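This report concerns only the one structure given below.
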Amino acid sequence: MLAFTLTSQIVYLGVIDGLLIGLLALGIVLIYRASGAINFAVGSLGVLSASLLALLVLTYDWPFWPAVIVAVVAGGLVAAASELTVITRLFRAPRVILLVATIGIAQLCELLQVALPDIETTMAVRYPVAFSGQWEILGLRVRGPELIVVIVVPVLTVALTYYLQRTAQGRAIRAAASNPDLARLTAISPKIISTVTWIIAGLLAAVALILVAGINGQPSGFRSLGPATLVQVLAAALIGRLRNFPMAMIAGAALGLLRSLLVFNWPTTAGLYDGSLFLIVIATTLVASRRLTGSDESFSFVPTTRPLPHAVARLWWVRHSSRIGMGLLLAAAAILPFLITLASRQLLFSEVLLFALIGISLVVLSGWTGQISLGQAALAGIGGLTTAALVAGRDIGIGLGGASFTLPLPDIHFLLAVLVGAAATGAVAVVIGLGALRIRGFHLAIATLALALLGQQFLWRRPFLSGSSNIVSLPRATGPVDLADQRTYYFFSLIALVAVIVLVARMRATGVGRRWLAVRDNSAAASAFTISPSRAGVQAFVVSGVIAGLGGGLLAGLYVSVGLTERFQLQDSIMVVAIAVIGGAGTVVGPILGALWIVGLPAIWPANNLVPLLTSSIGLLVLLMYFPGGFAQVVLTGRDRFLAWYAGRLPQPEPPPRREVASVVSRSVAAPDPTGPVLVADEVTVVFGGLTAVDNASIRVRSGEVVGLIGTNGAGKTTLMNAISGFVPCSGRIEFEGRPIQKMAADQRAALGLGRSFQQSRLFPDLTVLETLAVAAESRQRTSFTAAVGYLPNGYRRDRAQRAHAQDIVDFLGLGPYADKFNSELSTGTRRIVELGCLLALEARVLCLDEPTGGVAQREVEAFAPLLLSIKDQLGAAMLVIEHDMPMIMQISDRICCLEAGRVIAAGSPAEIRTDPAVIASYLGTDERAIRRSGAIDPAEEAHFPTPTTVLDEGET
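Take the position in the sequence shown, starting the count at 1, then add 1; the result is the number in our numbering.
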């Protein structure tokens, strides 16, 4: 039986370390609560202050307390400068961009810290502290720096909690975080709030790192926070749900205690705590996925490839410009090793190609699904070291309880081992993604950062992967192709890169890629289109992992011998992120440009001191601020301007004639059955915290019926519709066509035929109208991942069928002039039409429409009533409609339900609702003009309305 020692001193020291972790976690939580972004620079801001304090006291003989004040204030000033120069410029950017920007800020802070003068001291001098005595208190040995931690950290935690909960400024921070637009209307500036919170976080980081340095005692060599501490800080913040200060502090203390216990009892077991920390992060994300819903913002930070102008779209060299550009790059790459024959240079060229290949894994994950991974080098390491183990034929040791045995493996060929290693990496990605990708946000970034730390501290030293050595050898294959020659291996790497580019480009062009982009842009709308965001995210992460594992296996073969302390480290993961972002994470050519910049330039000019700055922190920050799409954005912008200029010199082509389409519904439409309800919501209750948004509400919708939902703002109409559609948890009973659906996810309910439109009508900003309709058409014939990747005929047939169906809907609704426009370029009215077209593509049998005329001009509102009824008749569907335009809802509804404070206060025909005293008092008011306005539109006026196929001919809002 293993001996386990637990003493009060061990507990005390662990809690001290944990309190410092918790204090840094408060800075993470504060920034997240104020701006929704993760600040990876919080520790680096503090390191600069800690070094400044030592410099002032030990080198320049400053008194301790004035030096402390200057160092802490410096932390706040550096944080303020970072916010005002970088974060303010990216204030409206997706939060993923801010995360990457904070990585650049952290690197810049470390460069500034290194630039400080050296501390002039001797080995006997300790880091300056307020008092350095030692006492015996309750049987504990308490040192001065530790006592300061016990006093300062709880005081700061209580003060910060009080500040946010009880003061006007704190309430303003919380208000700006929850709703920036509404905060502006109440004279609260979200930008000022952001600056204030960054200053507070900088001050907290300065205090925390000064306390950490005081406990460590070393006045010099304190260069960075270290990845292990950073992961602990992020884990504590994550356990605190990135919002709860006391919970984050308690989590930090618990993590410190866990580390103290593990290190004291098993000091020779390297990586034991790091493995425990990784499991804690994964478990936390799994728990969070069950109780949290993600943000509905777009997570895109990639350049948009604009549609070609019609005047030049038919020119062959324009249509194939991407292929021509890639062909020229490929030709240059093929010629290069014949021009430069030095073996060391050819090895460098191969390294550039393989890092570009690993960077493409982030194109799939970050560019196309909006998630960020900080552990791609760890995934590459799993692939590379697994490849080496398989080539060497190492045995796998397995221990169960007290028993252990080995699983012998034969040695296999290098090429096969690379593929098996890539598959193994994909399996690891499944485990991580199942938890971290179930919700939107930064959970995957934190989980993969923990994986990167686990790799370099624990996994790489497992006997199967390391062979019980610090250097892993991987001889290249000699048959059937001799890969020992550097030029041959270069061409082998080039072929692998081209193959990955072709496969990835194929996925993007099919329904698989459209599903990924839909989830990235608007996960709620994707769910309403039968797409599971978590399934799409896991699928993309697995593909990303397989590509990274493939690149890692090929890199290991390139290096021949892999130093476990030099390769596949955390800094390599950060470098892969920089490669993808600087090159352009939205295009497959971006990582090639990024790898040339990050990997190639430092190797070509190793003695140039400016190159490392351009290829790391400063280069990353400048590109994010001015070209968030990377070098690819510069190239695409130049292409678009040139083609716009060229198109202006050509005669404009005649617009194609409109194609009349009588119907776009493939299924047979049965006659409505008025006897039974098609949708039942019985005693539905929705509670958010202590607020009851929907209170015991019951609604029934019969086949072919139109039911209107009216009520004041905040009455619970949208929340009730969200509960029916599966977007918020609720109690009660919900049935669709007699089938209980209350336990189904939103995408599963949509697949049954429950269609949904949204109040904002954002759709997918970076998809065109045709692509959006094709995404909706996925509900009829889902594009198989295998068919897409394998270039199978079935995949081509389904893709053509989806595009044809989307084109039919475009013609049916008169959307031809907008077919190739992005949804972000459309007016609100046109987006509403596109949204209705998506419901046609879904062939929904019940349409849940949330303010379908919201944001639409009154003239177009009048055209919506016959359009909605026409679509309803096309589908043979029932409709549940939330609407504030009373003439329209009274005209189209068979029955109307009125909500107040989450309860249904009245239900009946439009005539009954108009005269119901409760409805008049709650919603219509007692003004006779308002009541009269709620009457139905005169049927004689309908003759002047546009027909459904000419709605958009009347102009745009």
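For every residue, glycine included, the Cβ atom is placed at its ideal position computed from N, Cα and C.
Every value quoted in this text rests on a predicted model; they were computed, and no experiment measured them.
Kindly indicate which three-state DSSP category residue i falls into: helix, strand or coil?
| i | result |
| --- | --- |
| S367 | helix |
| W267 | coil |
| I700 | strand |
| V882 | strand |
| D809 | helix |
| R640 | helix |
| Q570 | coil |
| I472 | strand |
| G956 | Only weak support is given to the placement of G956: the predicted model assigns it a pLDDT of 40, under 50, and the value that follows is read from those uncertain coordinates. Three-state result, G956: coil. |
| T286 | helix |
| L692 | strand |
| R175 | helix |
| P794 | helix |
| V582 | helix |
Please confirm whether residue i and residue j have their CB atoms less than 8 angstroms apart.
| i | j | result |
| --- | --- | --- |
| L881 | V695 | no |
| W136 | V143 | yes |
| A241 | A254 | Before going further, note that residue 241 is Gly rather than Ala in the sequence given. Taking 8 angstroms as the Cβ cut-off, G241 and A254 do not qualify as a contacting pair. |
| L31 | I201 | yes |
| A38 | R96 | yes |
| P603 | V589 | no |
| D641 | G257 | no |
| S762 | C849 | no |
| T719 | I883 | yes |
| A378 | S83 | no |
| A746 | S533 | yes |
Just to confirm the assignment, what range does the beta strand (DSSP E) spanning residue i have?
| i | result |
| --- | --- |
| A908 | 904 to 909 |
| L710 | 707 to 712 |
| F737 | 732 to 737 |
| R781 | Looking at the DSSP string, R781 is not in any beta strand (DSSP E), and its letter there is neither H nor E. |
| R896 | 896 to 901 |
Is residue i near the ligand NAD, going by C-beta to nearest heavy atom under 7 angstroms?
| i | result |
| --- | --- |
| R244 | This structure does not include the ligand NAD; it has no bound ligands of any sort. |
Could you tell me the alpha carbon to alpha carbon distance between residue i and residue j, rounded to whole angstroms?
| i | j | result |
| --- | --- | --- |
| I978 | V282 | Nothing can be reported for residue 978, as the shown portion of the chain is limited to 2 through 958. |
| A633 | L692 | 47 angstroms |
| R1 | I583 | The requested residue 1 is not part of the displayed model; the chain covers only 2 to 958. |
| I106 | I216 | 26 angstroms |
| M891 | M327 | 58 angstroms |
| S618 | V87 | 12 angstroms |
| A842 | A485 | 55 angstroms |
| T831 | S322 | 31 angstroms |
| R73 | V208 | Before going further, note that residue 73 is Val rather than Arg in the sequence given. Looking at the two C-alpha atoms, the distance is approximately 6 angstroms. |
| T6 | I359 | 44 angstroms |
| A116 | G28 | 25 angstroms |
| T294 | A26 | Bear in mind that a pLDDT of 49 at T294, under 50, signals an unreliable position, so the number given afterwards is only what the model happens to contain. Distance between the alpha carbons of T294 and A26: 22 angstroms. |
| A214 | R833 | 58 angstroms |
| Q219 | I120 | 11 angstroms |
| I433 | F542 | 9 angstroms |
| Y491 | A506 | 22 angstroms |
| Q803 | V685 | 37 angstroms |
| R740 | I700 | 16 angstroms |
| D800 | I373 | 29 angstroms |
If I follow the unbroken alpha helix (DSSP H) through residue i, where does it start and stop?
| i | result |
| --- | --- |
| T449 | 444 to 458 |
| T686 | Segment 678 to 689 is the beta strand (DSSP E) holding T686; no alpha helix (DSSP H) there. |
| R324 | 322 to 340 |
| R516 | 512 to 522 |
| Q114 | 96 to 116 |
| I605 | 602 to 605 |
| Y33 | 9 to 36 |
| S871 | 859 to 876 |
From the DSSP secondary-structure annotation, give me the bridge partner or partners of residue i.
| i | result |
| --- | --- |
| N142 | For clarity, residue 142 is Arg in the given sequence; the question names Asn instead. DSSP, once it has assigned bridges, lists E137 as partnering R142. |
| I397 | L408 |
| C849 | R757, L881 |
| G564 | I472 |
| R740 | F737 |
| T823 | It should be pointed out that residue 823 corresponds to Phe in this sequence rather than to Thr. Answer is T769. |
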